[in-house]
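Residue numbers for the sequence shown, in this note's numbering: 426 to 852.
Worksheet: one structure, shown below.
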Amino acid sequence: MPKTISPADVPALLQPGHTVFVQGAVGEPLALGQALAADGEASRGVHYVSCLVPGINRTDFSAFHPDARLTAFFVQAELRESFAAGKIRFLPLHYSGICSYMKSLPAMDILLMQVAPPDENGMCSLGLSVDFVPMHLDKAKVVVAEVNANMPSPPGSPKIPYDRLDYVLPTARALPELPTGDLPAVIETIGQKVAALIGDGDCIQIGIGKVPAAILGCLKDRRDLGLHGGMVTDEVADLVDAGALNCSQKSIDRNTLICGAAMGTQRVFDWAADRTDIQFRGADYTHCVPVVAQIDNFVSINSTLEVDLTGQANSETINARQISGTGGLVDFVRGARMANNGRSVLALSATAAAGKISRIVPTLQAGAAVSCPRADTDYVVTEFGAARMKDKSVDERAEALIAIADPKFHGELSEAWKEQRQRMGGR
């Protein structure tokens with residue numbers, strides 16, 4: 426049986442030289458992290474590894490001690506100071522690549538995770554977030570779990586024996602929420618443009634945020650939609666409740682929503698808690714390109730920051746500053762391209778800085794990340810329309826992308842393309 430501990434007992438479990446995996450998304454064991462933050466000396470010489478999700482996970486484990494380090498896959502606001510100081514080892518990997526990396530690591534000295542309380546059979550559910558936990562659970566030397574009374578036990582979430590845990594910290598705290606907030610009119614328009622590309626029976630993948638929320642809000646009149654992706658959100662719940670999404674036409678996992686986590690507000694947490702039509706799976710399934718490629722009519726929908734005139738997209742840097750990570754974008758884009766009648770969409774507003782800057786740009790600036798290569802990009806959508814890149818020449822791409830830029834930038838972009846095209850031809 427695991428030993429029950431208090432927050433004051435947690436720091437003593439760590440030793441210099443330890444490598445510690447920390448679960449992310451809504452499964453982040455916040456109580457364990459807070460206990461370690463309160464005793465910084467415990468993190469001396471400790472290397473943390475975690476896929477911390479922007480907007481949800483705000484703990485900078487490398488900040489616990491000057492000699493602590495963190496391997497991360499996103500650089501959200503809370504991590505930027507430590508990243509600039511060289512304390513964070515940022516790996517720019519697709520989610521499928523993160524899976525390969527995690528599986529290649531030796532046994533973790535300590536695994537920090539969160540579970541629901543054990544059921545009558547002595548099994549603990551991973552709850553609303555599977556994350557990368559299964560890749561470490563079997564080989565971790567020590568497993569420490571926050572057993573949160575407020576973490577649901579969905580029927581379709583993996584369970585582990587309570588006896589597999591070495592130490593448990595009982596809590597009863599709320600899960601971290603990420604509300605969508607109000608949707609500006611331009612975002613609503615983008616949602617309508619993207620929704621026009623989605624038909625009855627399509628299987629969608631969509632992220633979290635205002636643009637995805639707007640898109641989902643425009644799909645309530647569809648029927649027999651499916652879902653396979655990284656998350657279910659409040660807006661996904663709304664689609665199911667509206668009768669638009671039931672997964673009845675999926676070519677695999679029929680009648681089942683496949684996701685890695687629930688993210689949003691308490692509303693979606695409560696909604697997902699008892700549903701038998703949701704399966705929570707690890708990232709090595711949700712983001713597996715060969716799996717996605719088996720899903721007919723798969724539509725990957727993600728937002729991005731800027732797109733150049735050849736179709737390259739940057740979703741993670743601003744003025745060369747790393748602000749996020751690649752995530753699962755390209756995994757889903759490539760899976761969609763391989764699927765029968767698959768499509769992928771990159772959505773963005775046409776301008777930034779109150780209309781002063783075009784987000785359709787001649788070229789990505791020096792230092793910008795190419796999050797989605799031009800060879801993978803399919804649809805690009807702004808409030809001014811949709812441009813398809815698939816099977817188009819560079820000239821056709823530029824023309825189509827200029828057409829969906831803000832009209833006040835058309836002339837500037839056209840002239841820039843003429844010059845760029847000459848350089849491409851060696852003139």
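The C-beta atom is built at its ideal place from N, Cα and C for all residues, glycine as well.
Spatially closest choice to residue i from the options, by CA coordinates
i	options	result
G654	G760, E821, P441 and G522	G760
C684	Q691, I703 and S673	I703
N575	G552, E840, G651 and A687	G552
G480	G651, Q501, Q674 and L670	Q501
D464	D485, S673 and H490	H490
C713	M538, W696 and D756	D756
M560	K675, D627, S475 and T751	S475
S521	G752, G581 and N727	G752
N482	K635, E602, K781 and M533	E602
P543	L518, G606, I535 and D588	D588
P580	L590, M548, L562 and A599	M548
Y592	M426, G632 and P832	M426
G449	G442, G458, L838 and R692	G458
T681	L754, F705 and D663	F705
K833	M814, I782, L600 and Q847	I782
G470	D534, I523 and S529	D534
G736	S796, H519 and A791	S796
K645	V661, T788 and A462	V661
Q790	R746, S774 and V540	R746
A779	A698, D625 and P609	P609
G853	D627, P441, V540 and A510	A query on residue 853 cannot be resolved here, the shown segment of the chain reaching from 426 to 852 and no further.
F486	I513, L754 and A509	I513
P441	E466, G452, N671 and Q617	E466
V849	D801, G836 and T788	It is Met, not Val, that sits at residue 849 in the sequence shown. Ranking the options by Cα distance to M849, first place goes to T788.
Residue interval of the alpha helix (DSSP H) (run including residue i)
i	result
F757	L754 to M763
A620	A610 to A620
L603	That residue, L603, is in no alpha helix (DSSP H); it is neither H nor E in DSSP.
F705	Not the alpha helix (DSSP H): F705 falls in the beta strand (DSSP E), residues I703 to F705.
C524	Y520 to S529
L838	H835 to M849
E660	D659 to D666
T711	A708 to T711
D695	Q691 to A697
I827	V819 to A828
V555	Counting along the chain, V555 falls outside any alpha helix (DSSP H), and DSSP gives it neither H nor E.
P542	No alpha helix (DSSP H) holds P542; DSSP gives it neither H nor E.
P517	Careful: P517 lies outside any alpha helix (DSSP H) and carries neither H nor E.
P427	From DSSP, P427 is part of no alpha helix (DSSP H); its letter is neither H nor E.
Whole-number beta carbon distance between residue j and residue i, since they are thought to touch under 8 Å
i	j	result
F515	A497	6 Å
N739	E731	5 Å
A794	E844	Wrong, their Cβ atoms sit about 24 Å apart, outside the cutoff.
V770	Y804	4 Å
F723	A669	About 17 Å separates the two Cβ atoms, so there is no contact after all.
Q719	S676	6 Å
A772	V806	5 Å
N727	G632	5 Å
C853	L652	What is shown of the chain runs 426 to 852, which leaves residue 853 out entirely.
Proximity below 9 Å, CB of residue i to CB of residue j
i	j	result
E571	A456	yes
F694	F557	no
D659	A686	no
V569	E808	no
H472	L495	yes
I827	L734	yes
L594	A460	yes
P454	M527	no
A812	R799	no
P531	T429	no
I585	A708	no
Residue i - containing beta strand (DSSP E), residue span
i	result
Q674	That residue, Q674, is in no beta strand (DSSP E); it is neither H nor E in DSSP.
E741	E741 -> no beta strand (DSSP E), and no H or E assigned at all.
K584	K584 to P586
L853	In the structure displayed, the chain extends from 426 to 852; residue 853 sits before or after that span and is not available.
A639	Segment K635 to G642 is the alpha helix (DSSP H) holding A639; no beta strand (DSSP E) there.
Closer than 9 Å to chain B by CB, residue i
i	result
W696	Within the model displayed, chain B is absent; a lone protein chain is all it includes.
> Curious, which full-length beta strand (DSSP E) runs of at least 3 residues does the stretch 433-505 contain?
Replying inline: Runs found: 444-447, 472-474 and 494-497.
>> Just to confirm the assignment: which complete beta strand (DSSP E) runs, minimum length 3, are found wholly within the stretch 765-813?
In response: Taken in chain order, the unbroken stretches of beta strand (DSSP E) that lie wholly in the stretch 765-813 and span 3 residues or more are 768-772, 804-807 and 810-813.
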